[in-house]
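With this note's numbering, letter number 355 in the sequence shown gets 581, and the count goes up by one each step, no holes. We put the beta carbon where it would ideally sit given N, CA and C, even for glycine. See structure below.
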Amino acid sequence: MVDKAVILLRAGSGKKILGLPLLLRAILAAQQAGFKTFYLAGSGEPEEMELVELVKKDQRILSSPFDLHYLQAEAFSSPGNPATQELFDSSEGFLLLEGDVVFDSSLLDEAKRFEPQSQEIIIFKTGPDVAGSDSNWTGLAVISGNLLPGLLTRFGSGNDQSSELLTALPSTATIRYLTLSSGYFLLRVNSRESEKKAEKALLSTARKPQDGFIARHFNRHVSLFLSQKLIKLRASPSLLSFLNFLIGLTGAWLAAIGRGYWSFLLAGLLFELASIFDGCDGEVARLTYNTSDRGAFSDVLLDASSYIIFFSGLALGLYRYKLDSNYLTLMTIFLLSAAWYYYNLARYSRSSGIGKKIFLVAKEIESRPEKEKKLSLVDKIAAKVAFAVRRDFFATAVFVLLALGQAPAVIYLICFGSLVESVYFHFYVHKKLVSQSAEIN
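Pasting the structure below:
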């Protein structure tokens, strides 16, 4: 399997798309796909050298275990140079990539599985005119190492035009074209129009397949728009998680003061806004390759805390507004139910291996009827209503009910809903753990 890459540096390789130079974005995407060694082939111009130094000093590069080599034009005509020895003497496959290309990172997972034969180059396409030009060279290929000397010598001569790159190949070379899945994108960024297309295509990769109906058709559109702006402001995912938590806290405070309809309405509005803004930290992290286990854990922790604080605040606010101690009882039931649920969630996440991806629980329960034939009536009902625990749905439902002046109905639904959820999830986890234990034994 191919795990080394040669990237041809172009004038546009330093162009920033969604906060990252194209070269850095390409390297990080390839590293995510399993590539471990990178050769950056360039002319040695001052601006290019500054770009390479910028990439080498990037924290995401420094913290990653791979080799990065910068080859200037004179190295192409001297194969004895240690840095190029592996390239010129090898017949194994290399990824060949233009430095001004934007692509779906999943594209490389498929491309790297193709091992070229000796004297062969396999050029990948995702459809007609994928490179934004009329050339047969799309900007992405896997190539036999013994074809690299002539190609890089032509590239280093300074006379190379991207569309004429393939003319440097010897007559003995075999050129093969493969069209990959239509769901991928591959774009050369060489104009303002192509830059807009690339940005739009990259933003689409920040969506999640598990998004609910409201998230897909409304929330995600808003959060992606915000993320696009926040990236330009260099806002970090951790900062966005904290800001979202503050929005949730403000909503909880408005609910807790118990001033009547308008305080509950504004609290619900902030709760809904927090649900939308909640997507931004993950989107920014994925689009800028700043994901981490620590960040995922803090996001889960802050989200869970904001839910608990908000609904506790709502119960407290209703008590203050109506002077009815039943709301304090409901708050106690809710807090105990939440503690019970998160205790079982912690047990299940450790044993099942889902880690911080707690959204997989609802997805797993929803999909049970498709995977298991013998389900109880309770399990079938749970599968039907599991969508209701998705934040995009229940945040919108809470806001609508509060807008209709139904704050008491919200706290009753949340209180008894969380109790039923906790009871069901307790037995669900117990059954799963018993089943896992039986399989081990």
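Contact check, residue i vs residue j, beta carbons under 7 angstroms
i: Ala633; j: Phe537; result: no
i: Leu513; j: Leu280; result: no
i: Phe497; j: Gly477; result: yes
i: Gly543; j: Gly494; result: no
i: Ser467; j: Asp525; result: yes
i: Tyr533; j: Ser648; result: no
i: Phe350; j: Leu404; result: yes
i: Thr352; j: Tyr296; result: no
i: Leu456; j: Val510; result: yes
i: Gly382; j: Phe619; result: no
i: Lys282; j: Asp229; result: no
i: Leu645; j: Ser563; result: yes
i: Gly270; j: Ala299; result: yes
i: Cys641; j: Ile535; result: no
i: Pro342; j: Ser370; result: yes
Local conformation of residue i per DSSP, three classes
i: Phe651; result: helix
i: Lys657; result: helix
i: Tyr403; result: strand
i: Glu346; result: strand
i: Arg520; result: helix
i: Lys241; result: coil
i: Pro396; result: coil
i: Ser575; result: helix
i: Asp355; result: Reliability fails at Asp355, whose pLDDT of 48 lies under 50, so the model's placement of it is uncertain and the value that follows must be treated cautiously. Three-state result, Asp355: coil.
i: Met227; result: coil
i: Leu630; result: coil
i: Ile640; result: helix
i: Asn362; result: coil
i: Pro435; result: coil
i: Ala564; result: helix
i: Gly477; result: helix
i: Leu601; result: coil
According to DSSP, residues forming a beta bridge with residue i
i: Arg418; result: Bridge partners of Arg418: none, in fact.
i: Ser370; result: Gly319
i: Phe329; result: Leu412
i: Val232; result: Tyr265, Leu322
With contact counted as at least three CB pairs below 8 angstroms, one residue from each stretch, are the stretch 342 to 353 and the stretch 394 to 405 in contact? yes
At 3 residues or longer, and completely inside the stretch 244 to 324: list those beta strand (DSSP E) runs for me, N to C. Fully enclosed beta strand (DSSP E) runs of 3 or longer: 263 to 267, 293 to 297, 319 to 324.
Say whether the stretch 280 to 291 touches the stretch 359 to 378, bearing in mind that this needs 3 or more beta-carbon pairs closer than 8 angstroms, one atom from each stretch. no
Tell me whether the stretch 494 to 511 and the stretch 440 to 451 touch, counting them as touching only if at least three CB pairs, one residue from each stretch, are closer than 8 angstroms. yes
Can you give, in chain order, each stretch of the alpha helix (DSSP H) that sits fully within the stretch 494 to 562 and has at least 4 residues? Counting whole runs of 4 or more residues, the stretch 494 to 562 contains the alpha helix (DSSP H) stretches 519 to 548.
Does the stretch 316 to 329 come into contact with the stretch 232 to 241, if we say contact requires no fewer than three beta-carbon pairs (one atom in each stretch) closer than 8 angstroms? With a cut-off of 8 angstroms on Cβ pairs, the stretch 316 to 329 is in contact with the stretch 232 to 241, counting three or more such pairs.
Touch check for the stretch 417 to 426 and the stretch 593 to 605: three-plus C-beta pairs under 8 angstroms? no
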